[in-house]
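Notes for the one structure printed next.
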Amino acid sequence: MRALTIRAGAPHSEAAEVSLDELAEPTPGPGDLLVDGVAIGVCGTDRWLLSRSPRSFPGGRDRMIIGHESLGRVRQAPAGSSFTAGDFVAGLVRRPDPVPCKCCAAGELDICQNGTYTERGVVGADGYGAEVYLLDQDYAVTVSPQLGLAGVLVEPTSIVAKAWEVLDLSVRWPDGRALILGAGPIGLLAALLAQQRGYEVHVVDQVADGPKVAQVKALGATYHQGADGLDGSFEAVVECSGELVRDAINATARGGALCFVAGGHRAVGNTIELAALSGGLVGNRTYTGVVSSNHRHFEAAHTALLGADRGWLEDMLTRVVPAQEYATAFAGGPDVIKTVIQLADHPGA
């Protein structure tokens, strides 16, 4: 089978290298689904891995199969499984360590306390970027064929589903205004879930036009080029850019809630005075952040995607490339929302 693998680059270089390799097909064990890979999504985490190299490889090997945003089709399922051959599935990313912390033991893998988890295609475990792979059925979520190739969006949507799970508990006026900072895939999906909740949705990014702006407007949301002029009247704020921390805090209304999503925020250049931060909290605001997701977030994501316009979801996939053209898949740009590497044809795509 063919698989996309990543390995550390040349000595004294932080950059890693990706190649399309021939590997032996895996043999399923008890509880394993044997899955034919359909597609993987490319995101900022994958680009970060290329620039920095994974911090650990599986089993002491020198390479790892990439791909954590997955869409596959079951070829073989164990006897008595709830899955059957032909089912489309997405795989959860995180797995607990052999001696799990209390959160992992309770199924809350996304809140691992000891940090010794593995993540498929990211940390210490092979990902889903292969023509054939194994997936423990306990970490699989059924994907409706109605979604077509957009089923690959289940994993990134699960991250914002988790963000909204937190916000839903914190926002005191859930019929108000929502602000999404960043119009990349995560930001647009966060806007979709805000729109589905009935918020008046506003989205901030840097571009003047192009597919990101078109996606915002297609949702019926308001697009802002830059955060200048935004006031502190947004009941729900989701910061997805990794850069607009001060703007996100200033935009959060009294009694509102702000959620920082995924990575990037450690490198922000602007600083926040502790007095201003604590003053905001005293104003009955809630500030929180999320990374990773678990089974219920995948299920919530799948439900949200099924409730979205199919054409809007397809327009999210601005670049779809076959596996042999993988080298073109990792470049970003203002006209790129989501790049998908297609491993096999999807009959519903």
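Every letter in the sequence shown is one number past the one before it in the numbering used here, and letter 170, counting from 1, is 159.
Note that CB positions come from ideal geometry on N, CA and C, so glycine has one too.
My guess is that G26 and L332 are in contact by the Cβ rule of under 8 angstroms, so how many angstroms apart are they, rounded? On the sequence shown, position 37 is the one that residue 26 refers to. On the sequence shown, position 343 is the one that residue 332 refers to. At roughly 4 angstroms, the Cβ-Cβ gap stays under 8 angstroms, so G26 and L332 are in contact.
Grab me the residues of W153's own chain with a C-beta within less than 6 angstroms of its C-beta, minus the 5 sequence neighbours each way, in chain order. Along the sequence shown, read from residue 1 onward, the residue named residue 153 stands at position 164. Here the set comprises L182.
In whole angstroms, what is the alpha-carbon distance linking R299 and V227? Here residue 299 refers to the residue found at position 310 when the sequence shown is read from its first residue. Here residue 227 refers to the residue found at position 238 when the sequence shown is read from its first residue. Rounded to the nearest whole angstrom, the CA to CA distance from R299 to V227 is 24 angstroms.
Reference A5; option with closest CA among G20, P163, C93, R44: On the sequence shown, position 16 is the one that residue 5 refers to. For the residues G20, P163, C93, R44, the minimum Cα distance to A5 belongs to R44.
A150 and S282 - do their beta-carbons sit closer together than 8 angstroms? Against the sequence shown, residue 282 aligns to sequence position 293. Against the sequence shown, residue 150 aligns to sequence position 161. In contact: S282 and A150 (Cβ atoms closer than 8 angstroms).
Answer with buried or exposed for A289, where buried requires no fewer than 16 other C-beta atoms within 10 angstroms of its C-beta. Position 300 of the sequence shown, counting from 1, holds the residue named residue 289. Per the 10 Å Cβ criterion, buried.
Given L233, which residues of its chain have a CB within under 6 angstroms of its CB, disregarding the five upstream and five downstream residues? Position 244 of the sequence shown holds residue 233. Once the five neighbours on either side are set aside, the close Cβ partners of L233 are L170, A216.
In chain order, what are the residue ranges of uninterrupted beta strand (DSSP E) at least 3 long that sit wholly in the segment 185 to 209? Whole beta strand (DSSP E) segments, 3+ residues: 189 to 194.
Could you check what DSSP says for V82 in three-state terms: helix, strand or coil? As a first step, residue 82 must be located in the sequence shown, where it is residue number 93. The three-state secondary structure of V82, taken from DSSP, is coil.
Whole-angstrom distance between R109 and I378, CA atom to CA atom: A query on residue 378 cannot be resolved here, the shown segment of the chain reaching from -10 to 338 and no further.
Classify M53 as helix, strand or coil using the three-state DSSP reduction. Position 64 of the sequence shown holds residue 53. Three-state DSSP puts M53 in a strand.
Roughly how many whole angstroms lie between the Cα atoms of V7 and C92? Counting from 1 along the sequence shown, the entry for residue 7 is found at position 18. Counting from 1 along the sequence shown, the entry for residue 92 is found at position 103. C-alpha separation (whole angstroms): 34 angstroms.
Check this for me: beta carbons of L22 and F72, under 8 angstroms apart or not? For this step, residue 22 is matched to residue 33 along the sequence shown. For this step, residue 72 is matched to residue 83 along the sequence shown. Cβ distance < 8 angstroms, so L22 and F72 count as in contact.
Is the separation between the beta-carbon of G140 and that of V132 shorter than 8 angstroms? One-based indexing of the sequence shown puts residue 140 at position 151. One-based indexing of the sequence shown puts residue 132 at position 143. In contact: G140 and V132 (Cβ atoms closer than 8 angstroms).
Is the Cβ-Cβ distance between Y106 and P87 less than 8 angstroms? The sequence position of residue 106 within the sequence shown is 117, counting from 1. The sequence position of residue 87 within the sequence shown is 98, counting from 1. Result no, Cβ atoms of Y106 and P87 do not sit closer than 8 angstroms.
If we count the other Cβ atoms within 10 Å of its Cβ and call it buried at 16 or more, is D194 buried or exposed? Counting from 1 along the sequence shown, the entry for residue 194 is found at position 205. Counting the other Cβ atoms within 10 Å of the Cβ of D194 gives 16 or more, which makes it buried.
Quick one: using the 10 Å Cβ neighbour count with 16 as the cut-off for buried, is Q204 buried or exposed? Walking along the sequence shown from the start, residue 204 turns up at place 215. Of the other Cβ atoms in all chains shown, 16 or more fall within 10 Å of the Cβ of Q204; this residue is therefore buried.
What is the DSSP secondary structure of V27, reduced to helix, strand or coil? The residue labelled residue 27 in the question sits at position 38 within the sequence shown. The answer is strand: DSSP assigns V27 an E or B state.
Nearest CA to the CA of F77: which residue from P134, R41, G104? Locating residue 77 in the sequence shown gives position 88, where the first residue counts as 1. Out of P134, R41, G104, P134 has the C-alpha closest to the C-alpha of F77.
Evaluate the contact criterion for the segment 109 to 127 versus the segment 10 to 18: three or more CB pairs, one atom per stretch, below 8 angstroms. The count of Cβ pairs closer than 8 angstroms, one atom from the segment 109 to 127 and one from the segment 10 to 18, reaches three, so the stretches are in contact.
DSSP three-state assignment for S222, whether helix, strand or coil: Translated into positions along the sequence shown, residue 222 becomes position 233. S222 carries a coil assignment under DSSP once its states are collapsed to helix, strand and coil.
Let me know the alpha helix (DSSP H) ranges lying completely inside the segment 116 to 169, each 4 residues or longer, listed in chain order. Runs of the alpha helix (DSSP H) spanning 4 or more residues and lying entirely within the segment 116 to 169 occur at 143 to 159, in chain order.
Within this structure, are the beta carbons of L9 and R(-9) separated by less than 8 angstroms? The residue labelled residue 9 in the question sits at position 20 within the sequence shown. The residue labelled residue -9 in the question sits at position 2 within the sequence shown. Against a cut-off of 8 angstroms, the Cβ pair of R(-9) and L9 comes out as a contact.
DSSP beta-bridge partners of E14: Counted from its first residue, the sequence shown places residue 14 at position 25. According to DSSP, which records beta bridges pairwise, E14 is partnered with nothing at all.
Which whole-angstrom value is the C-beta distance of A167 and V202, which I expect to be below 8 angstroms? Reading the sequence shown from its first residue, position 178 is the one you call residue 167. Reading the sequence shown from its first residue, position 213 is the one you call residue 202. The Cβ separation is near 18 angstroms, so there is no contact.
C-beta atoms of G187 and D157 nearer than 8 angstroms: Within the sequence shown, numbered from 1, the residue matching residue 187 stands at position 198. Within the sequence shown, numbered from 1, the residue matching residue 157 stands at position 168. Taking 8 angstroms as the Cβ cut-off, G187 and D157 do not qualify as a contacting pair.
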